[in-house]
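For the sequence shown, the numbering used here assigns the number 1 to the initial residue and increments by one for each residue that follows. Note that CB positions come from ideal geometry on N, CA and C, so glycine has one too.
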Amino acid sequence: MNWFDSTVHRAMIEAATVGALGGVVGVLVVARRLPFFTMALTHATFPGIVIAALLGVDLYLGGGLFGLLVVLAVVALSRGRGQDFTAATGIALSGGFALGVVLVSAQDGFSKDLTAYTVGDILAVSTGDLAATGVVAVGVVLVLILLGKELLLAAFDPTGASALGLPTAVLDFVLLALIEVTVVAVVPALGAVLAVALLVGPAATARLLSDRLAMLFPLAAAIGVGCGVAGVWVSTLWNVAAGASIALLVGLAFGLAFLGSAARTRAGRAAARRLATATGS
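So this is what it looks like as structure tokens:
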């Protein structure tokens, strides 16, 4: 494939944008321990995709709108007596996906191809997709500028945030909505199955590389961009699936960071033992 082909250019831009977006939002996902929710959300929006396909409207718009309903349901259920966030997420996941299956089975001759939503196709993104991703990225950045400190406080210390009088229910909804719109933006590139890779991997890798909160956002964004662009390059070079290539590179980056972190820990402990021995002698 010609490297100067506009298809490749669009794919590179999309990969860089969703990589940065997934990395930044992923810091909040990892801080709040929401990888399961993120994975569940990609499946729970399935009914919205089916309804959109049946009505002949944009699949990602349908998934996004239904996803917001799922977010509201999770927030409401998690605040009910005797319920926790994980249980509410599990209920939303199973209920949402089951509704999608029922809708599909109820349609005789339903043949709408949903493969692109499942596995993604970044090389097929259009100029409109790029514009939509850009709008989502700008919106997410604006929300983080306005509410970033409050969202981080609620993520790291929800009890303290509540004691300070912050509207934790509203902050929960805002955070989950940010994750939802990011999932919808990432799905065209990686698909529903692999989207969670960009929303967890870069941030988890950045966490292994730095303990400084201020560094996590730029580090995660850089890792996401690097893996995204490199994944498209690998895809065009070896003619393999772009979304899977991006997800594999994210996993590789995390694995290398994990091994490096473990090696540093062992080296630090060995140095401490040597120092203790020398001091004792």
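Going straight from the alpha carbon of Gly26 to that of Thr277, what length do you get? 42 Å
Spatial neighbours of Ser245 in its chain, beta-carbon cut-off 7 Å, leaving aside the 5 residues before and after: Gly231, Val234 and Ser235
DSSP on Ala241, reduced to helix/strand/coil? coil
Taking a contact to mean a Cβ-Cβ separation below 8 Å, would you say Gly243 touches Gly191 in this structure? yes
Taking just the CA atoms, how far does Ala270 sit from Val140? 44 Å
Is there at least one Cβ from chain D nearer than 8 Å to Ser235's Cβ? The structure shown has no chain D; it contains just one protein chain.
Report the option in Ser162, Leu216 and Gly128 whose CA atom is closest to the CA atom of Ala31. Leu216
So the alpha helix (DSSP H) Ser6 belongs to, where does it begin and stop? Ser6 to Ala31
Could you tell me whether the Cβ atoms of Glu180 and Gly67 are closer together than 8 Å? yes
Taking Leu130 as the reference, which of Leu152, Leu252 and Ala15 has the closest Cα? Ala15
Three CB pairs or more closer than 8 Å across the segment 42-49 and the segment 58-74: yes
Could you tell me the distance, in whole angstroms, from the CA atom of Thr285 to the CA atom of Val184? With the chain represented from 1 up to 281, any question about residue 285 goes unanswered, as that position is not in the structure.
DSSP-derived helix/strand/coil call for Val57: coil
Looking only at its chain, what residues have a beta carbon closer than 6 Å to the beta carbon of Leu176, apart from the 5 residues adjacent to it on each side? Val71
Buried or exposed, going by whether 16 or more other CB atoms sit within 10 Å of the CB of Phe37? buried
To the nearest whole angstrom, what separates the beta carbons of Ala163 and Gly96, a pair I think is in contact under 8 Å? So it is not a contact: roughly 34 Å between Cβ atoms.
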